[in-house]
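Working notes for the structure below.
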Amino acid sequence: MAYYRMKVLDTLTITEKGQAQFPASWRKQAGLVHGGPCDVRVLDDGRQSLLITPRPQKRRGAAGFLTHLEGQTVAFPKVKRHTMPFQSHS
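Residue numbering for the sequence shown follows my numbering, beginning at 330 and increasing consecutively.
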């Protein structure tokens with residue numbers, strides 16, 4: 330296992346409920362100043378180490394959604410239509 334060099338050793342305290350506040354310098358560098366999701370993986374190194382990786386922030390809203398759909402190379406399959414029992418068969 331490769332051990333990586335750390336610039337500064339920061340302390341992270343976890344509460345009894347499992348909540349934690351990460352160091353401000355790391356949150357700023359990772360773009361998590363206002364919080365956000367992270368992926369956590371357990372490393373099998375015998376020291377109960379965790380690998381914490383910030384997830385990329387997803388855009389909210391439909392901005393750029395139409396452009397994304399127009400760029401798709403595979404079309405959606407045609408939907409087979411049917412008449413509901415309470416509708417007339419005209």
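Where a beta carbon is used, it is the ideal one built from N, C-alpha and C, also for glycine.
| Query | Result |
| --- | --- |
| From this set, S378, G400, R384, M413, which residue's C-alpha is nearest R356's C-alpha? | R384 |
| Do you know how far the Cα of G400 is from the Cα of K407? | 19 Å |
| Would you report the Cα separation of L379 and H363, rounded to the nearest angstrom? | 22 Å |
| Rounded to the nearest angstrom, how far is the Cβ of A349 from that of T342, given a contact under 8 Å? | 7 Å |
| Span of the alpha helix (DSSP H) holding R356? | 353-359 |
| Closer than 7 Å by C-beta to A359: which residues in its own chain qualify, once you throw out the five before and the five after it? Chain order, please. | P383 |
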